[in-house]
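Read through the structure below, which is laid out as structure tokens, and then see the notes.
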Amino acid sequence: MYSRPAPQIGFSFEYLMWIFTRISGLALILLAAIGIAGAFIMGARTQIDLSTLMRWTFFPNPNHVVNSNIPDVAIGWATAYWQIMQMMIVFFGATHGINGLRVVIEDYINASWFKIILRGLLLAFWIFILIVSVYVILAS
Amino acid sequence: MTLTRNVGLKGLKYRGGGPMLVWVLHRIGGLAMIVFISIHVIASFFYQQTAGDFARLVDDIYESVYFQVFIYFFVIFHALNGLRIILMDFWPKLLEYQREMIWIEWIIFIPVYGLTLFIMIQSALQAG
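In order, the protein sequences belong to chains U and H.
For the record, in the first sequence the residue sitting at position 122 is 122 according to the numbering used here, with numbers rising by one throughout.
For the record, in the second sequence the residue sitting at position 38 is 1038 according to the numbering used here, with numbers rising by one throughout.
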């Protein structure tokens, strides 16, 4: 049975990612709270429903919510403040998630050429998601 | 070393208990969220660029209540369990009480998720 060695405390990649996972998890909860507050402030007047509220909370982007027809709300979100918020959510979320996927791969795939390819694919996927989402945020 | 005997459903009797169940749910939920959020981002991109039938289809899938029921479970559970892990990492003395913390976690989780589930199903039924 292969098991991953525990990360050494110090300036190592594993330890930094361990710290990052905790900090980004807390940051995501905080950002979600701010997003819910914003969604309530802008959506309460139009009787926003729960699922729409959730969607605006986590990724407040007009291209993201299609089936709920609330045109008034879209205007309030299209400011630099909420765009920076979206970018922070995307950065923390994508990095936290893909680091988690990396940990799962380190746990279950034995060291081989396949693992190296998977690591490369993950890195490419991370960069791809970041570029695509920042493009969506800035171009909408 | 590999397991040679046939375990079958006897594996369910593994005495990992609450902490193991929570660990499994945390991991499955994390993987599910990666899939879910990646679909979200890519669908947003396609909707912005083309607004075509394909983008609409992907959007209909992830805005459906069946998808939301699962993803809401995973998001809330992952957040609560992550908070528990962070608390235990910062105050290692709490590790002794991790089973009690898991009970508290479920006590918080069940009303939060149950109420939302009720509202989601109610609005889905009303919408027809």
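No residue lacks a Cβ here, since even glycine has one placed at the ideal position from N, Cα and C.
The structure displayed is predicted, hence computed values, not measured ones.
Residue i, DSSP secondary structure in three states
i, result
"T52(U)", "helix"
"F59(U)", "coil"
"F1070(H)", "helix"
"F40(U)", "helix"
"A111(U)", "coil"
"I9(U)", "coil"
"Q47(U)", "coil"
"T79(U)", "coil"
"A1051(H)", "coil"
"I1064(H)", "According to the sequence provided, residue 1064(H) is Ser. The question's Ile does not apply to it. Coil, per DSSP."
"W1103(H)", "helix"
"W1091(H)", "coil"
Residue i versus the options, residue with shortest Cα-Cα distance
i, options, result
"D1089(H)", "R22(U), I9(U), F13(U)", "R22(U)"
"A94(U)", "I1110(H), I1042(H), I1085(H), T1050(H)", "I1042(H)"
"F1118(H)", "F1046(H), A1055(H), V1069(H), L1095(H)", "V1069(H)"
"R57(U)", "I41(U), I48(U), A32(U)", "For the sequence presented, residue 57(U) should be read as Thr rather than Arg. Closest by alpha carbon: A32(U)."
Cβ of residue i within 7 Å of any chain H Cβ
i, result
"L101(U)", "yes"
"I41(U)", "no"
"I84(U)", "no"
"I129(U)", "yes"
"S133(U)", "yes"
"G10(U)", "no"
Test: residue i CB closer than 7 Å to a CB of chain U
i, result
"A1124(H)", "no"
"F1045(H)", "yes"
"Y1113(H)", "no"
"G1052(H)", "no"
"G1017(H)", "no"
Whole-number beta carbon distance between residue j and residue i, since they are thought to touch under 8 Å
i, j, result
"I1039(H)", "V1058(H)", "6 Å"
"I29(U)", "A1124(H)", "The pair is not a contact, with the Cβ atoms about 27 Å apart (cut-off 8 Å)."
"R1099(H)", "P1019(H)", "7 Å"
"R1056(H)", "V104(U)", "Their Cβ separation, rounded to whole angstroms, is 32 Å, which puts R1056(H) and V104(U) out of contact at 8 Å."
Handout entry: Interfacial residues, the segment 21-33 of chain U to chain H, with Cβ spacing under 7 Å
Key = R22, G25, L26, I29
Problem - the segment 95-124 of chain U: positions lying closer than 8 Å to chain H by Cβ - result: G97, I98, G100, L101, V104
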